[in-house]
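S.K.: In order, the protein sequences belong to chains A and B. The opening residue of the first sequence carries number 83 in my numbering; numbering runs sequentially from there. The opening residue of the second sequence carries number 39 in my numbering; numbering runs sequentially from there. Note that CB positions come from ideal geometry on N, CA and C, so glycine has one too. The structure under discussion is supplied below as structure tokens; questions concerning it will follow.
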Amino acid sequence: MQMHEERIYLDNSASTRVDERVVEAMKPYMLDTYAVATSDFAYTMGIEAKEALKEAREKIAEKLNADSEELIFTSGATESSNLALKGVMEKSNGDHIVISKIEDFPVLKSAQKLEKKGYEVTYLDVDEEGFVDMEQLKDSIKEDTALVSVQHANQEIGTVQNIEEISKICEEEGVLYHTDATHTFGRLPLDVEKLPIDLITLASHTIHGPKGIGALYIRDGTELQKQMDGGFQENNLRAGVENIPGAVGFAKAVELIDEEENERLKQMRDSLIEGIMSEIPHTVLNGPEEKRTPQNANITFQYVEGESITLHLDMRGIAVSTGSACFSKSLEASHVILGIGGDHERAHGSLRFTFGRFNDQEEVDKVIEETSEVIEKLREISPLGEGEEV
Amino acid sequence: MGMPYNEKVIEYFQNPKNVGEMEDPDAYAKEGSPACGDMVALYLKVDEETHEIKDIKFKSYGCASNIATGSIITEMAKGKTIEEAKEIGWEDAAEELGGLPDLKTHCSVLAVDSLREAIRNYEERHGIGEEERETTEEVVEERLKHVMNPMKGQDVMKTELINDVKVEEGKTVTVEVDLESDHQFASAIEEDIIEKLEPRWDVEEVKVVFSEG
């Protein structure tokens with residue numbers, strides 16, 4: 083249990099350490115109030131469970147400035163995005179959907195599955211910083227377009243899309259807009275009163291909440307086809323016994339996030355980027371300098387391969403991820419780095435550092451130092467180098 | 039621990055042996071490409087009389103499996119004759135390392151290929167073994183199996199990237215590639231093809247032709 087004291091964990095966009103206060107908030111709903119959420123006319127424990135679920139829903143909805151009835155709990159961001167895309171398309175008369183080509187897998191694979199079933203999918207290009215082009219978006223929307231799904235921010239390179247403009251375009255064109263906010267909810271402002279967004283995927287485990295719980299914001303009046311059949315839970319849109327400890331933990335995690343923390347993450351991010359780019363030659367920042375999530379830094383180290391870097395760093399107690407094919411189970415290079423026009427080499431040599439509540443500046447300094455050593459070591463044995471071919 | 043690599047692999051990954059380049063090698067080979075995420079360069083010094091590998095150096099751009107295999111094969115090959123060294127397979131290298139993850143076979147095969155290619159390069163330069171063997175279309179196709187298709191991570195023959203191969207009088211070799219010349223990998227593939235064919239004792243010129251838009 084003491085392991086995390088010695089390790090530096092910078093893969094917080096993959097998942098985070100659950101905050102102890104979240105665990106404490108969840109405990110009573112596993113040990114004492116463990117009943118399912120019943121109707122008001124059943125037994126006391128069930129009513130208490132129902133109250134807890136209601137309260138959790140309200141807290142999370144409040145953060146979005148939404149009505150609590152517009153929020154349903156799911157098993158996580160993956161299920162939320164699956165339900166949003168498949169649910170909307172199956173209910174809608176339109177058979178065309180627009181997504182960006184750098185969406186995370188839940189949206190990307192759901193769209194591909196829909197494509198196989200006969201729906202038409204447009205994959206929007208992104209520029210070299212990962213931004214969707216508004217003109218291309220407008221041009222892609224047709225008479226039979228039912229849904230646009232463009233993420234709030236990117237999972238790998240942190241690019242924050244202009245969702246103000248995107249949501250406005252969708253509203254004007256009369257199509258539904260879904261955004262995957264897995265990497266922004268809690269970290270960046272998101273207000274459904276201000277922005278005409280119809281569906282939002284929300285995650286808990288990226289903000290020090292538990293895994294196995296997520297939510298989907300569904301604007302009042304938006305029609306969805308239920309995907310998980312069974313009971314009538316979650317407004318009859320998602321069957322299954324409610325994960326009440328999860329929902330309570332998720333709500334607690336949302337409550338614990340504040341502006342100050344996000345500012346602190348941003349400072350660590352900038353310090354890391356600045357430190358690495360100034361100390362290590364032949365590095366490229368992936369994603370924009372300004373409009374990126376506070377927790378994300380992504381840098382390519384030329385002439386070296388990502389799996390080797392991450393393995394060396396792991397042996398030094400540092401956990402980060404890479405877009406290299408060799409790192410992944412699928413042996414495929416990052417579709418995001420390729421999507422922003424990077425070549426395979428840029429993907430293979432890319433590292434993603436993502437910050438969370440439990441990181442500090444001391445760790446940032448250590449990571450810069452260790453990364454610098456590892457890159458130097460690997461470049462010594464690399465046959466590639468500046469302007470030379472073997 | 040959950041680490042996919044055993045201690046020996048990690049040891050070679052952290053402290054690879056025989057790393058470096060050679061000023062004036064008797065033979066060298068470069069296998070793989072940065073686009074595929076793995077590349078090995080290997081250099082040999084060979085005794086002209088005994089054909090014994092006197093010195094061997096390698097450099098690697100790749101994952102742990104690639105680096106460790108590159109290191110172990112250089113140790114295994116050093117002191118052997120080129121005939122003996124040719125027999126070293128990736129299974130031998132993997133066994134010597136105490137096993138490698140299945141998923142990483144490709145990376146270690148590449149390292150072993152680089153040794154075989156360097157030996158072949160030596161033989162071609164010295165007209166050994168191949169002396170009698172003329173460069174025919176068949177031989178060219180054989181050689182093209184060592185040119186990577188970076189889009190697929192497999193060779194250009196297997197991935198059907200080659201439209202046609204011609205060997206003409208005076209030994210001009212023409213290879214038609216099923217790619218447009220402005221494709222992002224066109225020049226890398228062209229370079230690789232030339233590198234594999236030009237050292238042949240009877241080849242005068244290598245032409246790589248790309249398809250038109």
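Among all the DSSP beta bridges, which residues are the ones paired with residue 221 of chain A?
M.R.: Beta-bridge pairing links residue 221 of chain A to no other residue.
S.K.: Do residue 236 of chain A and residue 184 of chain A have their C-beta atoms within less than 7 Å of each other?
M.R.: A contact, by the Cβ cut-off of 7 Å.
S.K.: Along the segment 182 to 194 of chain B, what residues have a CB closer than 7 Å to any CB found in chain A?
M.R.: Going along the segment 182 to 194 of chain B in chain order, one finds 188 with a Cβ nearer than 7 Å to chain A.
S.K.: As an exercise, report each continuous beta strand (DSSP E) stretch of at least 3 residues that is fully enclosed by the segment 269 to 336 of chain A, in chain order.
M.R.: Counting only runs of 3 or more, we get 281 to 285, 296 to 300.
S.K.: Short of 9 Å Cβ to Cβ, which residues in the segment 104 to 132 of chain A face chain B?
M.R.: So nothing in the stretch comes that close.
S.K.: Using the Cβ count rule (16 or more neighbours within 10 Å means buried), how would you classify residue 221 of chain A?
M.R.: Exposed.
S.K.: Ordered along the chain, which non-local residues of its own chain (more than five positions away) have a Cβ less than 6 Å from that of residue 84 of chain A?
M.R.: Because the pLDDT of residue 84 of chain A is 41, which lies under 50, any placement of that residue in the model is unreliable, and the number read from its coordinates should be weighed accordingly. Nothing listed; no residue qualifies.
S.K.: Rounded to whole angstroms, how far is the Cβ of residue 138 of chain A from the Cβ of residue 333 of chain A, which I believe are closer than 8 Å?
M.R.: Contact holds; Cβ gap of about 4 Å.
S.K.: Which residues of the segment 85 to 117 of chain B have a Cβ closer than 7 Å to any Cβ of chain A? Give them in chain order.
M.R.: Here the close residues are 97, 98, 99, 100, 101, 102, 105.
S.K.: One question on the structure: do residue 208 of chain A and residue 339 of chain A come within less than 7 Å of each other, judged by their Cβ atoms?
M.R.: Result no, Cβ atoms of residue 208 of chain A and residue 339 of chain A do not sit closer than 7 Å.
S.K.: Of all the options B:75, B:48, B:68, B:64, which has the alpha carbon lying nearest to the alpha carbon of residue 432 of chain A?
M.R.: Closest by alpha carbon: B:75.
S.K.: When the cut-off is 7 Å and only beta carbons count, does residue 79 of chain B lie next to chain A?
M.R.: So yes, residue 79 of chain B belongs to the interface.
S.K.: May I ask you to check if the CB of residue 90 of chain B is nearer than 6 Å to at least one heavy atom of the ligand SAH?
M.R.: Looking at this structure, you won't find the ligand SAH or any other ligand, since it has none at all.
S.K.: Let me check understanding here. Comparing Cα to Cα, which of A:446, A:438, A:382, A:312 lies closest to residue 457 of chain A?
M.R.: Nearest option by C-alpha distance: A:382.
S.K.: By how many angstroms is the C-alpha of residue 140 of chain A removed from the C-alpha of residue 216 of chain A?
M.R.: Roughly 34 Å separates the two Cα atoms.
S.K.: Out of curiosity, what's the CA-to-CA distance linking residue 171 of chain B and residue 156 of chain B?
M.R.: Each residue's Cα considered, the two are about 18 Å apart.
S.K.: Could you tell me which residues DSSP pairs with residue 117 of chain A in its beta bridges?
M.R.: The partner list for residue 117 of chain A (beta bridge, DSSP) is empty, contrary to what the question assumes.
S.K.: Alpha carbon to alpha carbon, what distance is there between residue 174 of chain B and residue 12 of chain B?
M.R.: In this structure chain B extends from 39 to 251, so residue 12 of chain B is not present and cannot be described.
S.K.: Let's test the definition: count the other Cβ atoms within 10 Å of the Cβ of residue 252 of chain A and tell me whether it reaches 16, buried, or not, exposed.
M.R.: Buried, since its Cβ has 16 or more Cβ neighbours within 10 Å.
S.K.: Less than 7 Å between CB atoms is the rule here; does residue 208 of chain B satisfy it with respect to chain A?
M.R.: No, residue 208 of chain B does not count as interfacial toward chain A.
S.K.: Going by Cα to Cα distance, which pick from A:142, A:464, A:446 is closest to residue 352 of chain A?
M.R.: Of the listed residues, the one whose Cα sits closest to residue 352 of chain A is A:446.
S.K.: Report the neighbours of residue 156 of chain B on chain A: residues whose CB is nearer than 7 Å to its CB, in chain order.
M.R.: Simply none; closest approach about 12 Å.
S.K.: Under 7 Å, Cβ to Cβ, is there at least one residue of chain B near residue 426 of chain A?
M.R.: Yes - at least one Cβ of chain B is within 7 Å of the one on residue 426 of chain A.
S.K.: I think residue 399 of chain A touches residue 89 of chain A, with their Cβ atoms under 8 Å apart; what is that distance to the nearest whole Å?
M.R.: At roughly 5 Å, the Cβ-Cβ gap stays under 8 Å, so residue 399 of chain A and residue 89 of chain A are in contact.
S.K.: Indicate the three-state DSSP secondary structure (helix, strand or coil) for residue 77 of chain B in the structure shown.
M.R.: Three-state result, residue 77 of chain B: strand.
S.K.: From the DSSP secondary-structure annotation, give me the bridge partner or partners of residue 192 of chain B.
M.R.: Partner(s): B:187.
S.K.: Would you list the residues sitting across from residue 202 of chain B in a DSSP beta bridge?
M.R.: DSSP lists B:214 as partners of residue 202 of chain B.
S.K.: Going by CA-CA distance only, name the one from B:203, B:210, B:95 that's closest to residue 216 of chain B.
M.R.: Checked all of B:203, B:210, B:95; the closest Cα to residue 216 of chain B is B:203.
S.K.: How would you list, in chain order, the residues of chain A whose beta-carbon sits under 7 Å from the beta-carbon of residue 150 of chain B?
M.R.: None at all; the shortest Cβ gap to chain A is about 16 Å.
S.K.: Can you give, in chain order, each stretch of the beta strand (DSSP E) that sits fully within the segment 118 to 179 of chain A and has at least 3 residues?
M.R.: Runs found: 153 to 156.
S.K.: Buried or exposed for residue 438 of chain A, going by 16 or more other Cβ atoms inside 10 Å?
M.R.: With 16 or more other Cβ atoms within 10 Å, it is buried.
S.K.: Just verifying my parser: in three-state terms, what is the DSSP assignment at residue 402 of chain A?
M.R.: If DSSP states are grouped into helix, strand and coil, residue 402 of chain A belongs with coil.
S.K.: Out of A:257, A:349, A:346, which has the shortest C-alpha to C-alpha gap to residue 228 of chain A?
M.R.: The candidate whose alpha carbon is nearest that of residue 228 of chain A is A:257.
S.K.: 7 Å is my cut-off, CB to CB: does residue 452 of chain A come that close to chain B?
M.R.: Not closer than 7 Å to any Cβ of chain B, the Cβ of residue 452 of chain A fails to qualify, so no.
S.K.: Could you pull the start and end residues of the beta strand (DSSP E) that residue 381 of chain A belongs to?
M.R.: That run of the beta strand (DSSP E) goes 378 to 383.
S.K.: Residue range of the beta strand (DSSP E) that residue 96 of chain B falls in?
M.R.: Residue 96 of chain B -> beta strand (DSSP E) spans 91 to 99.
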